[in-house]
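In terms of our numbering, the sequence shown opens at residue 9 and continues consecutively. From the three backbone atoms N, C-alpha and C, an ideal C-beta is built for every residue, glycine too.
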Amino acid sequence: MRIFFISLFLLLSISACTSKQLSPAPHSSTDEIYYLTILHTNDNHGRFWHNEKGEYGMAARKTLIDQLRNEAKQKGHAVLLLSGGDINTGIPESDLQFAEPDFKGMSLIGYDAMAIGNHEFDNPLSVLKQQQQWANFPLLSANIIDKQTGKNAFEQYKVFDKQGLKIAVIGLTTTDTAKIGNPQYIGGLEFKEPVAVTQALADKIKQQYQPDITIAVTHMGHYVDANYGINAPGDVTLARSLEKNTLDMIIGGHSQEPVCMASENTNDDNFKPGMACKPDQQNGTWIMQAHEWGKYVGKAEFKLENGQLTLLDYKLLPVNLYIHQEQADGTTKPVLANEYITPNPELKAFLADYQAKGAKQIEGKIGYVDAKLEGDRNKVRYQQTNLARVIVQSQMNVVGADFGIISGGGVRDSIAAGDVSYKDILKVHPFKNRIAYIDWQGQDLWDYLEVITRFPPDSGAYLQYHKLSFERSDNALTKVMINGQKLDKSKTYRMSINSYNASGGDGYPVLVTRKGYVSTDETDAQALKRFFTENSPVKASEFAPQ
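Below, the structure is given as structure tokens:
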């Protein structure tokens, strides 16, 4: 009998040990120390190839990431490579090929997952489905719902097992996509508020998987001290709104900035390539973002011990970026911010075929301009610019309009002084929006302008216009001039507009169903190309804002 009880005790002990191995407790309950390196980029925007100075490019990025991954593994670190989204739109060689080289390049680099960005909806959903097939990693978003089925339109999260660490990654997309995305492509999708979605999903994942670390990879924007203005709330608001310890870190994108803090809730405005960078931290959650275009690879090293996740080191590593270094004689000279990173030869050769194919479609001079036409993001969303007026004039010419409007967010690049190529045009206009017009009765036009002249600076909705002027007082429209003449509410006026804004893009009132609205087959890029072909040399001063 004694032998029987001893045997039974041993069997029960073995069974208990086996059960514990099959359903392990989180590492927070052990004394073992684990290490993790997170590598990240965001807002690629078609930059699979390096620029004319040899900066960034996916081939050099792969060399750097391979090196960082190997160093981390030699130190016993688990490694995860994430992207904050917006792979699409920005460079014609990529745009004309629907970012095929970018998604395939990311696959060859070895990305683990990415957030779905708003620019992933710049093309029909059939293109996004093809891009998902080009990628050998998941495109994540937990807050996009298919209106027809009521179910998630995309994979919500992914749980990784990396060297014994269980890591949950949740994807999130800015709700502004509903406003700034092309209504023709996103009409069947609902973009839910991220906070409630994230809290419920994180709780579910913790109960089901007991992850050691939970990460949100987001395309929502980092707004210092949650001052998001006209934009949808971003990563800081998300971190502050969740229960503490819901997320260990947020790897972000969308606002296209290096998240480097000088102090609590104060941005480091002096950050330059090669300098130290301290990421943001809110409610116990680290927030990181690596500017844009693959200019940097973010590298965060963590230690997990007794349930405590500690950031050991963080760097934004420049990818062959130049800085202006002052010389002894007071002049400045461009020098590399870091040692030169040799592009990976296999990936460079793979991408070169795409670069050559894209370049062939856009080669050749189409016109000339005598000075820079300003379309930089930090100008065209804040003030009237000469390029915006050239764009509007080109669209007015197509439809014979009295005046025209566009939103500043639709202007994606500047045009430098000198010869103008079709590539320059497509960098300004990558979206293939159609030119449209509407014939307004004066009173209806006044009511429409009452809405769109309210849009403030620092947003994609900011109004750019030509042959129009107006005054506002006490938050109301008080005066409108068309072509230098006071608006007559009994007259009819023709206004040019693109199909994106006319469909409600950037929060503009929907016009496509209104009487008097007509859409043409001419795209914004075609109209601007024709303008340069027919009017060169273009004098920039003639379009200077008054």
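Cβ neighbours of A379 in the same chain (closer than 6 Å, five flanking residues each side left out):
A425 and A548
Nearest-angstrom Cβ-Cβ length linking D514 and G468, presumed shorter than 8 Å:
5 Å
Rounded distance between the beta-carbons of L147 and P202, thought under 8 Å:
P202 to L147, Cβ: 16 Å. No contact.
Can you grab the Cα-Cα spacing for the pair A123 / E542, in whole Å?
43 Å
For C268 and K497, what's the separation of their Cα atoms in angstroms?
52 Å
Could you compute how far the alpha carbon of V327 sits from the alpha carbon of A396?
32 Å
Quickly, what does DSSP pair Q333 with across the bridge? List them, please.
K341
Minimum C-alpha distance to G306 - residue among A298, T461 and L312:
A298
Considering only the alpha carbon of each residue, which of K323, I374, Q138 and P464 lies closest to Q392?
P464
Chain-order list of residues whose beta-carbon lies under 7 Å from that of W57 (same chain, five-residue window excluded):
G65, E101, L359 and Q363
Where V177 and T71 are concerned, what is the direct C-alpha to C-alpha distance, given to the nearest angstrom?
25 Å
Looking at the secondary structure, which residues open and close the beta strand (DSSP E) in which M489 lies?
A484 to I490
If I follow the unbroken alpha helix (DSSP H) through T358, where does it start and stop?
Per the sequence presented here, residue 358 reads as Phe, with Thr not at that position. Taken as a continuous stretch (DSSP letters only), the alpha helix (DSSP H) holding F358 covers P353 to I370.
What are the complete alpha helix (DSSP H) segments, minimum 4 residues, inside the stretch 450 to 482?
450 to 460
Among F106, I221 and Q140, nearest to A563 - alpha-carbon criterion:
Given a span of 9 to 554 for the chain in the structure shown, any question on residue 563 remains unanswerable.
From L250 to L89, what distance separates their C-alpha atoms?
24 Å
Can you name the start and end residues of the beta strand (DSSP E) that L44 belongs to?
I41 to T49
For the beta strand (DSSP E) containing W294, name the first residue and the last one.
T293 to M296
Classification of I41 by the beta-carbon crowding that lies within 10 angstroms, buried from 16 upward:
exposed
Helix, strand or coil at K556 [DSSP, three-state]:
Missing from the structure shown is residue 556; the chain here goes from 9 to 554 and no further.
If you follow the beta strand (DSSP E) that N538 is part of, which residue opens it and which one closes it?
A small correction: the amino acid at residue 538 is Arg; Asn does not occupy that position in the sequence shown. Premise fails: R538 lies in the alpha helix (DSSP H), D532 to N543, not in any beta strand (DSSP E).
Applying the 10 Å Cβ sphere with the 16-neighbour rule, what's the burial state of Q82?
exposed
Could you check which residue in R502, D482 and Q472 has the C-alpha nearest to that of P553?
Q472
Got a sec? Which residues, its chain only, sit under 8 Å from R522 by beta carbon, not counting five neighbours each side?
I446
Based on Cα-Cα distance, which residue from V400, C285 and N253 lies nearest to P219?
N253
Could you check whether D243 and H227 sit closer than 7 Å to each other, using their CB atoms as the reference points?
no
Quick one: what's got a C-beta closer than 6 Å to F168's C-beta in the same chain, skipping five residues either side?
I175
Run through the stretch 118 to 181 for me and flag every whole alpha helix (DSSP H) of 4 or more residues, listed as ranges in chain order.
133 to 142
According to DSSP, residues forming a beta bridge with W448:
Y501
Near S31, what residues of its chain come up, given a Cβ to Cβ distance below 8 Å and the 5 sequence neighbours on each side ignored?
Its pLDDT being 34, under 50, S31 is placed unreliably by the model, and nothing is read from it.
Straight-line gap, F540 to A270 (C-alpha atoms, nearest Å)
45 Å
Is it the case that the Cβ atoms of N441 and S527 are separated by a distance below 7 Å?
no
Extent of the continuous beta strand (DSSP E) run through M257
M257 to I259
My output table needs one value for Q29: the three-state DSSP class, helix, strand or coil.
Caution is warranted here: a pLDDT of 31 is assigned to Q29, below 50, making its placement in the model unreliable, and no coordinate value can be reported.
Just list the residues that DSSP pairs N78 with in beta bridges.
None, per the DSSP bridge assignment.
Looking at S544: is its Cβ nearer than 7 Å to the Cβ of G375?
yes
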